[in-house]
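Asks:
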Amino acid sequence: MRERSDQEQKDLIDQIRNALDRKTSGVSGEKPDWIANSFAVNCTAYQSETTLLLQLRHRDLGSLHALKTVPPGSRDDAVLLQRLRDEAKIGLALRHPCLAETSALLRLPDGRPGLLQPWFAHSLASIVSTQPIAASQVISILRRVLEGLSAMHALGYVHCDVTPANILLADGNFETAKLGDFGIALRIGRKHAEQGMRFAGSPEFAAPEQRQGAPAKPDQDIYAVGRLARRLIATDEAQSPQRLADFAQACCHDDPALRPQTAAEALQLL
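Count along the sequence shown starting at 1, add 118, and that's the number in our numbering.
1. Helix, strand or coil for Val159 per DSSP?
2. Considering only C-alpha positions, which residue in the set Lys309, Asn284, Gln357 is nearest to Ala342?
3. Does Gln313 come out as helix, strand or coil in the three-state DSSP assignment?
4. Could you please give me the residues that DSSP links to Ala222 through a beta bridge?
5. Could you tell me the alpha carbon to alpha carbon distance between Leu286 and Ala318, rounded to whole angstroms?
6. Please list, in chain order, all residues of the same chain as Phe365 whose beta carbon is under 8 Å from its beta carbon, the five residues on each side excluded.
7. With H, G and I counted as helix, E and B as strand and the rest as coil, what does DSSP make of Val276?
8. Kindly indicate which residue of Thr353, Asp372, Gln357, Pro189 has the alpha-carbon position closest to the one of Gln338.
9. Pull up the DSSP beta-bridge partners for Arg305, would you.
10. Using only the alpha-carbon positions, how far apart do Glu327 and His277 sit?
11. Could you spell out the range, first to last residue, of the beta strand (DSSP E) harbouring Arg175?
12. Measuring CB to CB, does Ala295 end up less than 9 Å from Cys216?
13. Exposed or buried, what is Ser358 when buried is set at 16 or more other beta-carbons lying within 10 Å of its beta-carbon?
14. Report yes or no: do three or more beta-carbon pairs, one from the segment 232-246 and one from the segment 183-198, lie closer than 8 Å?
15. Evaluate the contact criterion for the segment 200-213 versus the segment 247-261: three or more CB pairs, one atom per stretch, below 8 Å.
16. Excluding the 5 residues flanking Ser320 on each side, which residues of the same chain have their C-beta closer than 7 Å to its C-beta?
17. Just reading off the alpha helix (DSSP H) that Ala154 is part of, what are its end residues?
18. Contact defined as beta carbons within less than 8 Å: I believe Leu233 pairs with Ala206. What is the distance between those atoms, to the nearest angstrom?
19. By Cβ distance below 7 Å, which residues in the same chain neighbour Leu179 in space, the five residues on each side in sequence not counted?
20. Under three-state DSSP, which class holds Leu179?
21. Relative to the C-alpha of Ala332, which residue among Ala352, Lys309, Ala252, His176 is closest?
22. Whole angstroms are fine: how far does the CA of Leu350 sit from the CA of Ile340?
23. Out of Val159, Ser247, Gln367, Ile306, which one is the CA nearest neighbour of Pro227?
24. Alpha carbon to alpha carbon, how far is Arg175 from Glu312? Give it in angstroms, no decimals.
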């Protein structure tokens, strides 16, 4: 029989404690009404097999927040729980105006960990499908994404999933766009296969070598920014200047050696 790791033993002890707490209090962890005695659950904003996103409201301040956790049925999944803890470590280490903040790692009443984050009503994905985006706005978005990536890369992380869905907007304002969701971010040089994932990312935006499972490198994020630029240009292509198309082409080379190697180099092309 395989010996449990220290973290698995801690998870098991937590599960026993949480089960006893629920039995004693009669409170079910399936749909917690309060979290950390401070946040009311407004609604479920998103749910998949691996992720549950709740909209919270602070009981005293009335402010809206997001909480990312695993679905109730996955509360005993050691792999998903560890991924969430890893995401928390990365998010809590990152503080930059162009990156979405991770405020805290909390515990739900049933023991599931939850990432507390600011609430963003919109993502760029919800806007690019409904309206044209002017060239000046495209440049603003790309600059903010690259500045956020520069901060991530400086700390030794690769985002691995730069897409419109992960660019968050407060009140639809492009000037304050933030890159978020560090769920599949990696240390430079690491592979998703080491976490049990054959491929992680969005095929439309992932660099060819990322799709093939290569170690994470900053220029893979630059490739994704180039794909993002093409997606934004397509919303108003007739009015887009040639330099934006040239920028996208420079970032999207299949050969990694031909791309800008850093976010700072890519910024110079804008």
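For glycine and all other residues, C-beta sits at the position ideal for the given N, C-alpha and C.
Computed from a prediction, not measured in an experiment: that's the story for all the values here.
Replies: The short version:
1. strand
2. Asn284
3. helix
4. Leu234
5. 20 Å
6. Leu260, Gly344, Ala347, Ala384, Leu387, Leu388
7. strand
8. Asp372
9. Tyr275
10. 15 Å
11. 170-176
12. yes
13. buried
14. yes
15. no
16. Asp279, Thr281
17. Premise fails: Ala154 is in no alpha helix (DSSP H) and is neither H nor E.
18. 6 Å
19. none
20. coil
21. Lys309
22. 15 Å
23. Val159
24. 37 Å
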